[in-house]
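Here the working numbering is used: the first residue of the sequence shown is 203, the next is one more, and so on. From the three backbone atoms N, C-alpha and C, an ideal C-beta is built for every residue, glycine too. Working notes, beginning with the structure itself.
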Amino acid sequence: MRRKMKDRWNDDDRIYLGLSIKEKLFPTILGGIVGDALGVPVEFKDRNLEVNGMTGYGTYNQPPGTWSDDSSLTLCLIENLIEENGEIELMEKFTSYREDGYWTPHGHMFDIGRTTDEAIERFLKEKNVRQCGGITEFDNGNGALMRISPLVFILCNEKDFTTRKREIERWAELTHAHPRSTLACIVYIQFLIHLFNNNTPARAFERATGTCRSELSKDIKYRDELVHYRRVFDQSILDAKKEDIISDGYVVHSLEAALWCFFKHTNYRDAVLEAVNLGGDTDTIAFLTGTLAGMCYEINSIPEEWINKLTRKQDILDLCERFFQYCYKRAAQ
Ligand SMILES: [Mg+2]
């Protein structure tokens, strides 16, 4: 009798987990892509822009709704996870993004980060996925962080921190293998997992930074890197002034900027517009902010006219549906 009751609880847990994934996967993925598309026309522009909707042309002369490498490489990762492929296949998808415009909005690549580009070069030469990621301090751009968010739906039911960390490292280090970059990915995913579990933003952030600090300070690979994230771990980033937020492509700055924008507002629209109007690496910071805000405020918070303007909207929705089915099946196991 007791055992049956336990089975029922477990079944209820699985159903609840499945429903949560359904509710949160679409806004999390779309929230990032919409942010990216809002930022593309004004990438590299100075601060104090006045973007308040989906515009086009500008920096890359692309029509409204065009998204960039942040979204393309995220979609490649999602597809690779659904297919249960390994690291080689993901690097092949990245290569195909660069060479053939795979998972691009208009069939050709117009933007790629230096470290990702160099990783693809090394992969093509040596075919060794263990050694293609950049390992120097200069390889700490935001290129792995910007595509890592789908892992939250693979890891949301994983209780062990080390297992989560290894899975994040496995996909992030293909291009960005310096621990400073991976550390940002770990903190970001940990934060997303606590948001997924319906914690308030403040509670989710407290739990994520608490766990990461205690676990990573014991880890020889990461303990000397924690100091670079001082403003994240002591939470002072949340009270920082705008002039102390640097919206460039350095992974530490990008994580800080996204957290700052997310915490400054209580809705999706204002948070992503804040990110875009910081100038600089607008697409990635808006992608990172939009992912957090999408997870937190869910689908109705994202202006429908922005979603409707996305290039290849139906392909994105179809891939999200396949990813949801895949994660749901995993959760039910
Ligand atoms: Mg980009």
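Exposure of residue i, with buried meaning 16 or more beta-carbon neighbours within 10 Å
i: L394; result: buried
i: S277; result: Position check: residue 277 holds Leu in this sequence, whereas Ser was assumed. It counts as buried.
i: N330; result: exposed
i: Q264; result: buried
i: T365; result: exposed
Best match in the options for proximity to residue i [C-alpha to C-alpha]
i: K226; options: M311, R532, F398, D313; result: F398
i: H378; options: N400, D238, T338; result: T338
i: G345; options: R382, L440, D362; result: R382
i: R524; options: P243, L240, H396, N282; result: N282
i: R532; options: A473, E286, E252; result: E286
i: S456; options: T491, R332, L440; result: T491
i: G241; options: I447, I509, G258; result: G258
i: G233; options: D215, E458, W508; result: W508
i: L512; options: G260, N250, W269; result: W269
i: A406; options: G260, E328, M497, D446; result: M497
Whole-angstrom distance between residue j and residue i, CA atom to CA atom
i: K367; j: I388; result: 6 Å
i: E369; j: L475; result: 32 Å
i: I231; j: F526; result: 11 Å
i: N212; j: E500; result: 26 Å
i: T486; j: R332; result: 26 Å
i: G255; j: Q516; result: 21 Å
i: Y431; j: I439; result: 10 Å
i: S449; j: D209; result: 49 Å
Same chain only: Cβ atoms within 6 Å of residue i, ignoring 5 sequence neighbours per side
i: S222; result: none
i: C529; result: I223, F355
i: D271; result: D313, I314
i: K247; result: G481
i: R324; result: C334
i: T306; result: S274
According to DSSP, residues forming a beta bridge with residue i
i: H378; result: G336
i: Y176; result: Since the first residue shown for the chain is 203 and the last is 535, residue 176 is missing from the structure and cannot be characterised.
i: Q264; result: Y259
i: Y452; result: G343
Contact set for residue i: own chain, Cβ-Cβ below 8 Å, skip 5 residues either direction
i: L428; result: L385, R415, L418, S419, F435
i: E291; result: N282, E285
Same chain only: Cβ atoms within 7 Å of residue i, ignoring 5 sequence neighbours per side
i: E410; result: The sequence given here has Ala at residue 410, not Glu. Cβ neighbours of A410 beyond the five flanking positions: V389, Q392, F393, H396.
i: A374; result: A346, I350, S383, T384, C387
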